[in-house]
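The structure appears below as structure tokens.
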Amino acid sequence: MAQSDTVVRILDTAEALFAEKGFAETSLRTITGKAKVNLAAVNYHFGSKKALIQAVFARYLDPFCEQFNRELDRLEKQPGLTLEELLTVLATTTVSVPASKGSLSVFMRLLGLAYTQAQGHMRRYLQEHYGKTFFRFTNLLKQCTSELPDAERFWRIHFMLGAVVFTMSSLDALRDIAASDYDEKTRIRDLVARLLPVVTAAMNAPVPEQPPRLSEQVA
6 MAQSDTVVRI
16 LDTAEALFAE
26 KGFAETSLRT
36 ITGKAKVNLA
46 AVNYHFGSKK
56 ALIQAVFARY
66 LDPFCEQFNR
76 ELDRLEKQPG
86 LTLEELLTVL
96 ATTTVSVPAS
106 KGSLSVFMRL
116 LGLAYTQAQG
126 HMRRYLQEHY
136 GKTFFRFTNL
146 LKQCTSELPD
156 AERFWRIHFM
166 LGAVVFTMSS
176 LDALRDIAAS
186 DYDEKTRIRD
196 LVARLLPVVT
206 AAMNAPVPEQ
216 PPRLSEQVA
């Protein structure tokens, strides 16, 4: 087997196992056994389990950021950019980038795990390698939601991401439910069309009245 094929086999296997079992629960030995390669091959091509996890993410995020940055170049020059237009570009870019051998739902599951499991190195890696793209996006988002306080915008961005990650990572199950209960066949483009107005409305919702701080309650 050629070297490139070995790398692809390791990445495909690691991606599937990480999504199924989690990062901490998946050992290199499990990956090598499933991929039918020896441990030396993983160490040679990646050096460590942390580097392998990062490489799994890079397969999707590198082409995504390349394409999304081109879109951001255009949007930053567009006068009167609306929130709906910005989120539409984000959604269409997300679903248009091939997710390697796995599906977009598998990658979204991995993205959720990177933030919910104790993977500090992964959050640092995402910030170091893709933080500039995220900053460009959030800067445009801030322009489109200028009435929101910064802290409120922070929470809403993560509420929005949580909704997207959950929905996309549960895509197969949601499709099955829609087909069984509503006799509906759901394509990704249909899902995006339904999800966009929901997250747009959530970002545009009135700011709720803030409860008094604990120190004020005690006083």
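Numbering of the sequence shown is given in the working numbering, commencing with residue 6 and proceeding in unit increments.
Just so you know, even glycine gets a beta-carbon here, dropped at the ideal spot from N, CA and C.
Keep in mind the model is a prediction, meaning the values are calculated, not measured.
Inter-residue Cα distance where the pair is Pro213 and Val47: Distance between the alpha carbons of Pro213 and Val47: 50 Å.
Pick from Gly52, Ala207, Gln59 and Gly27 that is closest to Leu131, judged by C-alpha positions: Leu131 has its Cα closest to that of Gln59, out of Gly52, Ala207, Gln59 and Gly27.
Suppose contacts are defined by Cβ-Cβ distances below 9 Å. Is Leu179 in contact with Ile193 by that definition? It is not a contact, given that the beta carbons lie outside the stated cut-off.
Can you give me the Cβ contacts of Ser9 inside the same chain, cut-off strictly under 8 Å, excluding the 5 residues immediately before and after it? Excluding five sequence positions before and after Ser9, none of the CB atoms of its chain fall closer than 8 Å to its own CB.
Contact between the stretch 58–74 and the stretch 94–102 is defined here as three or more beta-carbon pairs at a separation below 8 Å; is this criterion met? Contact between the stretch 58–74 and the stretch 94–102 is present, because at least three Cβ pairs lie under 8 Å.
Met208 beta carbon less than 9 Å from that of Leu153: With contacts defined as CB atoms closer than 9 Å, Leu153 and Met208 qualify as a contacting pair.
How long is the line joining the alpha carbons of Thr138 and Thr35, rounded to whole angstroms? Going from the Cα of Thr138 to the Cα of Thr35 covers about 34 Å.
Give me, in chain order, the residues of the same chain whose beta-carbon lies closer than 6 Å to that of Glu89; leave out the 5 immediate sequence neighbours on both sides. Around Glu89: Thr205.
For Ala7, which three-state DSSP category applies? Low per-residue confidence applies at Ala7: pLDDT is 43, beneath 50, and the placement is therefore not dependable, though the value from the model is reported in the following sentence. Note: Ala7 maps to coil in three-state DSSP.
Please classify Ser185 as buried or exposed, where buried requires at least 16 other C-beta atoms within 10 Å of its C-beta. Counting the other CB atoms within 10 Å of its CB gives Ser185 a total below 16, which places it among the exposed residues.
Distance check for Tyr187 and Glu133, CA to CA, integer angstroms please. The C-alpha of Tyr187 is placed about 44 Å away from the C-alpha of Glu133.
Classify Val102 as helix, strand or coil using the three-state DSSP reduction. Correct three-state label for Val102: coil.
Name the two residues that bound the continuous alpha helix (DSSP H) containing Ser32. That residue, Ser32, is in no alpha helix (DSSP H); it is neither H nor E in DSSP.
Between which residues of its own chain and Ala7 is the CB-CB distance below 6 Å, once the five residues before and five after are set aside? Confidence at Ala7 is low in this model, with a pLDDT of 43, below 50, so its placement is unreliable and no value can be given for it.
Over what stretch of residues does the alpha helix (DSSP H) that includes Asp195 continue unbroken? Counting along the chain, the alpha helix (DSSP H) containing Asp195 begins and ends at Ile193 to Asn209.
Three-way DSSP call (helix, strand, coil) for Glu157 in this model: Three-state result, Glu157: helix.
Is Glu133 helix, strand or coil when you go by DSSP? Glu133 falls in the helix class under three-state DSSP.
For Ala19, count neighbouring C-beta atoms within 10 Å of its own C-beta (all shown protein chains included) and say buried if the count is 16 or more, exposed if not. By the beta-carbon neighbour count (other beta carbons within 10 angstroms, threshold 16), Ala19 is buried.
When DSSP labels each residue in this structure, what does Val94 get in the three-state scheme? Of the three classes helix, strand and coil, the one that applies to Val94 here is helix, per DSSP.
Would you tell me roughly how many angstroms separate the C-alpha atoms of Thr11 and Met173, rounded to the nearest one? If I take the Cα positions, the gap works out to 29 Å.
Go to Tyr87, then tell me how far its alpha helix (DSSP H) extends in each direction, as first and last residue. According to the sequence displayed, residue 87 carries Thr and not Tyr. Looking at the DSSP string, Thr87 is not in any alpha helix (DSSP H), and its letter there is neither H nor E.
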